[in-house]
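Residue numbers (this note's numbering), protein chains in the order written: chain A, 65 to 363; chain S, 154 to 839. All C-beta atoms in this analysis are idealised placements derived from N, C-alpha and C, irrespective of residue type, glycine included.
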Amino acid sequence: MNYNVSPINSEMIQTQPSYTEGCIFDIKELTVHDGPGVRVTIFLKGCPLSCIWCHNPEGISPKPELMIRENGCRHCGMCLKPCNHPECQGLGRCIKICPLGLIQKSGYYISSRDLSEKILRLSDVLDSLHGGYTLSGGEPLFQPRFLFDLISFLKPHHVAIETSGFAETHIFKKAMDLADLILFDIKHMDPEAHKKGTGVDNNLIQSNLSLLISSGKPFIARIPIIPGYNDDPANMRATAQRLKEAKDNVRVELLPYNPFAGAKYPMLRRIYSGQEFDKKVPNLDPSFFDELGLETVIL
Amino acid sequence: MTESVQKLYDFIREKRHHKFRKEFPYDIAQGFADLHLSPIERMGQRFIAVMAAEGPVILEGEHIVLLRTIKALPPLFTEEEWQDIKSKHYIHEHGYVCNISPNYALTIASGLEARKKEVIACQNQCLLSEDKEGYLFLKVVASDIDALLDLADRYRNEAIRIGRLDIAAILERVPRYGATNFLEALQFFRFLHFSLWIEGEYHNTIGRFDQYLFPYLQNDLDNGTLTEEQAFDLLEEFFLSFNRDSDLYPGVQQGDNGQSLVLGGTALGRDLFNKLSEMCLRASKELHLIDPKINIRVSSLTPDRVFELGTELTKEGLGFPQYSNDDVVIPALISLGYQANDAQDYVVAACWEFIVPGKGMDIPNIAALNFPAIVDHCIHEPVIFEHFEQFLEEIKKQIFIEVNKLASDVKNLWMIPAPFMSLLMEGCIDKARDISYGCKYNNYGFHGTGISTAVDSLAAIRKYIYEDKSLSWAELLDAIDKDFAGHEELLSKLRYEAPKMGNADPKTDSLASFLLSTFADATENLHNDRGGRIRAGTGSAMYYIWHARDLGASPDGRRKGEWFSANYSPSLFARVAGPLSIVKSFARPELKRTINGGPLTMEFHSTLFQDKDSIEKVASLVRLFMKLGGHQFQLNAVNREALLDAQLHPERYGNLIVRVWGWSAYFVELNKEYQDHVIRRTEYSF
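The following block contains the structure:
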């Protein structure tokens, strides 16, 4: 299939064979750290990694799930009354009755066409502000067909993909070809440590990174700085070394650990196991990268 | 901040200057009544007496003097007299002239002695034409000038006494003669502004300070008598002076004092943002004080850098700058009947109302249309509306009725004369007429409260009753009248699923266009009894609480008594798509016809402003709203966690500043309900 499509017109939309459905959990406007210009970021639900410090835990499961903000709940119990809403089936609670709006379903299925229609309303604005769309997650490459369909609808507007790099090679390649920009996360250089922190080793990620570097395409390397996990000089130096050969094409962004990472876990009735990070200060020293001539910013 | 500015700053923030304050005898009104003095004579006598009681206080290290020492002004009228006046007239707020923008520049340039000569000459004219009232008015103006000159002399003697010959030298010239340099101009301004408050006027705005004071600065810099750093220090000290006496100024809450200052603007195809404008932004950012409240006039000609400098200030969380769009405001004022050169000179009044300095005696906040109350009225009518369009027709009819009623309620206005203010307003001296009778422009403005609540209510009615037919009128009315008791599911649907203004959904937003254009149509041909027009606007002022307090539940899922959003913004509980959608929804073409003022207000979490890149992007959002046809924009950096903590530990948050509705205040000085409203607004900050 050829994805280098020209601008969408209504005729094309009607004749497009399939509108894959995908699951997303958020659309955020005016995301300032997700690529160039003013952007809208779409968060695709589902991620094969489970990073201890993940601050969007609702992005991990590929299915819609219940999210309850306990803070503010007056325990009126109305959500526990059985209901007949199809949307509430299997959730054990009615999500359509909370007078305070504390119960929400995180994630919903939407076709690539409906989603694009929804977000293309802002395309004129995004174009004029030199921005575009960023497809993030979760892991956007975890829903490849949906993602690629979506991109075809969003073109010719600027599209960035933010990925962990953990995807089969052919999928990653296609993403690289389709997107105008890749935001590539690098969590740890050591396979063992990578597995410990994210649940998977980094072999696939590293081989995809090699593809990206050798493609010569400009990209952004995003490094979450997790105190005591990956901010030691040895790993920072190794990461910088890894990116050295791409130095004319890469911008390095250091993302300090988010001290509120644990905030959403109780809403999902999960336990945050990254408290150890809360006690430490991340080492945000850009010098390892600066020394090698890599453009580096701290976000 | 230099050490000497820092010292003054500490002195004032620690309120150490309060020790110089004293009370003035309260009961002068009875004496006035016994002597059968006219209101203008009373204003003159009180001014002279209070000025005479003002002592010279020169603080250590300061260069710009004048400290208010008299706390409250005594009433002019006895209680019975005031009741009598009120029974015969419409009295706006406290009765004093307020919320206008004087022309300081003319007097600063010419000096009070020259101005007094002008007054005397006109007084002689009155003698010839046997205009007794005019003669008396001008006599009071002349004695007011004398009282101010006398105070200035006492300050000068004090300066000599304590060995501050630099100050004495300045006071040798101003306010008697025209200012010859930047410092003299600042000191002169201080005299004039101080005098207005002493006279009793309030919400005395500052106007286009960067324009009328720039020539003095430029001259000093050109001839080398002042360096830019020195000028900046003086400017900071000058800004501090707005925070000395402001707790004595009347307002709905502390901070509501109308000391708004306007920067930039366009004229003849040129953007006027200059070196002084930039210095003002820097000074405000460094001082971190609630006054003066900064506004920036922008247009398609404004360079990006100005938006970025503005955003740098927004980042500080002071609740300003507020932006207004020349490309929309100027033509809109012209179509309201303002002359082009006057429209080009517009400023904002205390909050956001557009007025013309030196020429406008507009009362832009005289009344407010409560949009959700109109919807409430119409849904309770015992009429069956078969089609939604019929319902809209009824809304339209009721808006016309209500606007007419508001207009007839404000007839026969009387204001307390303001002779000193008259000196600073065009034509008052020449025509020997006090400003309280009016000026070149005498329009009234009506705010429009709860626009988004009304739009959302109409959208919900259209969708559920007329389109989906999933809701009956009877069920909706029952739910509303019971404040949704027993209708929890409907409540949740209306609040969190129904269409809302702010989602860039053209269908819903067209209802905003309908309401705004109807409001404009209803005011279009109305006149007030001062020969002015009625201007429709998008501001809420404190009505977001006042109007909402007594109103029952509404069809958008708002519960009884729940507040409206401030000014022109999405409803407080609407989970709208985001800032870009909001900007698209709210930039309505009808704003050109509802130009009394009232900004789109948006709250961003303070962490959004971290780096230069983010600042540029947020700045581009401001520019976008203007490009799409927005009229006025107020962006706030907020930290919800800090606000919540400040309610628990006010003692730790003495310097925490928030935007209220058209002005900034120290959070801990606000009443709880205004604090809660600010917190409510931050719930869905971006």
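- For S278(A), the uninterrupted alpha helix (DSSP H) segment begins and ends at N267 to S279.
- Taking 9 Å as the cut-off between beta carbons, the residues of the region 101-112 of chain A near chain S are G101, V102, R103 and V104, in sequence order.
- Nearest CB-CB separation between E226(A) and chain S: not below the 9 Å threshold.
- Residues of the same chain with a CB within less than 6 Å of the CB of Y365(S), apart from the 5 flanking positions on each side, are A258 in chain order.
- DSSP, read as helix, strand or coil, puts D398(S) in coil.
- DSSP places I88(A) in no alpha helix (DSSP H) but in the uninterrupted beta strand (DSSP E) bounded by E85 to T95.
- D498(S) is not bridged by DSSP to any residue.
- Taking C-beta atoms as the reference points, F341(A) and G292(A) count as a pair closer than 9 Å.
- About 13 Å separates the beta carbons of I313(S) and A305(S), which is beyond the 8 Å limit, so they are not a contact pair.
- Just measuring C-alpha positions, the residue of L289(S), P708(S) and H680(S) sitting nearest L489(S) is H680(S).
- Sequence-distant partners of I193(S) (beyond 5 residues in either direction) whose C-beta falls short of 8 Å from its own C-beta, in its chain, are L289, F290, V293, P570, P572 and D587.
- Excluding its 5 nearest sequence neighbours in each direction, D798(S) has C-beta neighbours in its own chain below 8 Å: R805 and Y806, listed in chain order.
- In this chain, the beta strand (DSSP E) harbouring F757(S) covers L753 to H758.
- At least one C-beta of chain A is nearer than 9 Å to the C-beta of K780(S).
- What E181(A) touches in chain S, judged by beta-carbon distance under 9 Å, is nothing: the nearest beta carbon there is about 12 Å away.
- Around the CB of R333(A), fewer than 16 other CB atoms lie within 10 Å, so the residue is classed as exposed.
- Between the alpha carbons of S722(S) and E233(S) lies a gap of roughly 43 Å.
- The closest CA to that of G280(A), considering only N313(A), Q305(A) and E85(A), is found on N313(A).
- Closer than 9 Å at the C-beta level to chain A, one finds these residues of the region 716-742 of chain S: F726, R728, A730, G731, P732, L733, S734, I735, V736 and K737.
- The beta carbon of F839(S) sits closer than 9 Å to some beta carbon of chain A.
- Chain-order list of chain S residues neighbouring V314(A): empty, with the shortest C-beta distance near 17 Å, by a criterion of under 9 Å.
- When the Cα atoms are used, R686(S) and N749(S) turn out to be separated by approximately 11 Å.
- Less than 9 Å divides the Cβ of L566(S) from the Cβ of H245(S).
- F107(A): member of the beta strand (DSSP E) spanning R103 to L108, first to last residue.
- For T358(S), the secondary structure class from DSSP, reduced to helix, strand or coil, is coil.
- For the 9 Å CB-CB criterion, F362(S) and V415(S) form a contact.
- Against chain A, the beta carbon of L644(S) has neighbours under 9 Å at I161 and P163, listed in chain order.
- Residues are counted here when their Cβ sits less than 9 Å from a Cβ of chain S; for the region 307-333 of chain A the count is zero.
- Residue state for F248(A) is assigned as strand, using DSSP reduced to three classes.
- Chain S has no Cβ within less than 9 Å of the Cβ of L130(A).
- Taking each of F839(S), D829(S), W814(S) and Y837(S) in turn and checking the Cα distance to V405(S), the smallest one comes out for W814(S).
- For G417(S), the enclosing beta strand (DSSP E) starts and ends at S413 to G417.
- A direct Cα-Cα distance of roughly 19 Å separates M331(A) from R793(S).
- The alpha helix (DSSP H) runs lying completely inside the region 203-231 of chain A and spanning 4 residues or more are 208-218, given in chain order.
- Residues of chain S whose Cβ lies closer than 8 Å to the Cβ of K169(A) do not exist; the shortest such Cβ separation is about 11 Å.
- Only D766, S767, K770, S773, L774 and L777 from the region 765-790 of chain S bring a Cβ to less than 7 Å from some Cβ of chain A.
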